[in-house]
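Under the numbering used here, the first residue of the sequence shown is numbered 712, with each subsequent residue one higher.
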Amino acid sequence: MGRIKTKGIKRLTFGLIESYPGKFSADFGKNKEVLGELTIIPHKRVRNRVAGYLTKVAKRKKLAKPLDEPVL
């Protein structure tokens with residue numbers, strides 16, 4: 712089972728997604744670099760957790776299928 716992210720990490724992540732749509736991808740390294748450019752997060756551990764959660768959310772959105780598409 713995976714680790715559960717705190718409210719602060721989730722709130723920060725969804726705030727960033729809302730503020731900068733299209734900036735984040737399913738690549739952890741890229742998300743980490745983009746976070747470094749867009750925000751000032753003083754702690755490496757927090758930045759890594761936010762980048763990891765951004766990656767997870769991006770992958771989930773990528774895998775989500777539209778309802779109109781038939782399931783085979």
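For every residue, glycine included, the Cβ atom is placed at its ideal position computed from N, Cα and C. Computed from a predicted model, the values in this text were never measured in an experiment.
#### Entry: CA-to-CA distance, Lys741 to Ser730, given in whole angstroms
The residue labelled residue 730 in the question sits at position 19 within the sequence shown. The residue labelled residue 741 in the question sits at position 30 within the sequence shown. Rounded to whole angstroms, Ser730 to Lys741 spans 17 Å at the Cα level.
### Message
On the criterion of 16 or more Cβ atoms from any shown chain inside 10 Å, does Thr717 qualify as buried, or is it exposed?
### Response
Translated into the one-based positions of the sequence shown, residue 717 becomes position 6. Classification for Thr717: exposed.
### Task
Look at the alpha carbon of Tyr764 and the alpha carbon of Ile751, and state the distance between them as a whole number of angstroms.
Taking the first residue of the sequence shown as 1, we reach residue 764 at position 53. Taking the first residue of the sequence shown as 1, we reach residue 751 at position 40. Their backbone Cα atoms lie some 17 Å apart in a straight line.
#### Entry: Boundaries (first-last residue) of the alpha helix (DSSP H) holding Phe739
Residue mapping note: residue 739 aligns to position 28 of the sequence shown, counting from 1. Its alpha helix (DSSP H) spans residues 739 to 749.
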